[in-house]
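Have a look at the structure below before the remarks.
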Amino acid sequence: MDITLTINGHKSQFDIPVATTLMEFLKSQRLWSVKHGCENGECGNCAVIVDGKAVNSCSMLAVQADGKNIETYESLRNSNEYTVLKEAFMDFGDIDCGFCIPGMMIAMKALLDKMPDPTEEDLMDALAGSHCFCTKSVKPIDAICQAVKKMRGHY
């Protein structure tokens, strides 16, 4: 099926088999931050932003994204706005492998884009679908909470 997607600001047309998940398609485009985790939408490691909303790409067909704007972690890598968030992960250096971080960063970007000054409860809600299997999510969530406070001048 022919579809048009805007991925990280680049609009292109693609011929995609109907049964291809968005995760499979993005990985075929060498967007390695989209991680293959649980395949049932529970871990959040494949999270991307589709038209402003964080979505688990393993639970969405690529053809469902036709005409939509998709952002992956690759769009954040060189973003100065998210430098504080990236540095916070380094400060909490006991994060073992980093496999979960792109999905968590995407969840935070989606939240911060719609809610510039979230409460800690808002942060926890936004991260509820993201899981770190190494640390049971404690250290990454602590890092994110610290970074968002810093980003918003509360720290």
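Using numbering that gives the first Met the number 0, the first residue of the sequence shown is number 0, and each one after it goes up by one. Even glycine gets a Cβ: it sits at the ideal position worked out from N, Cα and C.
Legend entry - In chain order, each beta strand (DSSP E) run of at least 3 residues that lies wholly inside the region 34-86: 46-49, 52-55 and 68-70
Legend entry - Option nearest R58 by Cα separation, candidates P101, E70, G51 and C42: Taking the first residue of the sequence shown as 1, we reach residue 58 at position 59. With the sequence shown as reference, residue 58 is identified as Ser, and Arg is not the correct amino acid for it. It is C42 whose Cα lies nearest to the Cα of S58.
Inset, instruction - Find the nearest neighbour of I73 within the set G36, E23 and N7, judged by alpha-carbon distance. - result: Here residue 73 is taken as the residue at index 74 of the sequence shown, counted from 1. Note that residue 73 corresponds to Glu in the displayed sequence, not to Ile. Ranking the options by Cα distance to E73, first place goes to N7.
Legend entry - Contact check, Y81 vs M104, beta carbons under 8 Å: As a working mapping, residue 81 is identified with position 82 in the sequence shown. As a working mapping, residue 104 is identified with position 105 in the sequence shown. For Y81 and M104, yes; Cβs fall inside 8 Å.
Inset, instruction - Between the Cα of P117 and those of N68, V147 and T5, spot the shortest distance and give me the residue it belongs to. - result: Here residue 117 is taken as the residue at index 118 of the sequence shown, counted from 1. Across the set N68, V147 and T5, the C-alpha of V147 shows the shortest separation from the C-alpha of P117.
Legend entry - Local Cβ density within 10 Å of K34, reported as buried at 16 or more and exposed below that: As a position in the sequence shown, residue 34 is number 35, starting the count at 1. With 16 or more other CB atoms across the displayed protein chains lying within 10 angstroms of its CB, K34 is buried.
Legend entry - Continuous beta strand (DSSP E) stretch holding F132: start and end: If you number the sequence shown from 1, residue 132 lands on position 133. Unbroken run through F132: none, as it is neither H nor E.
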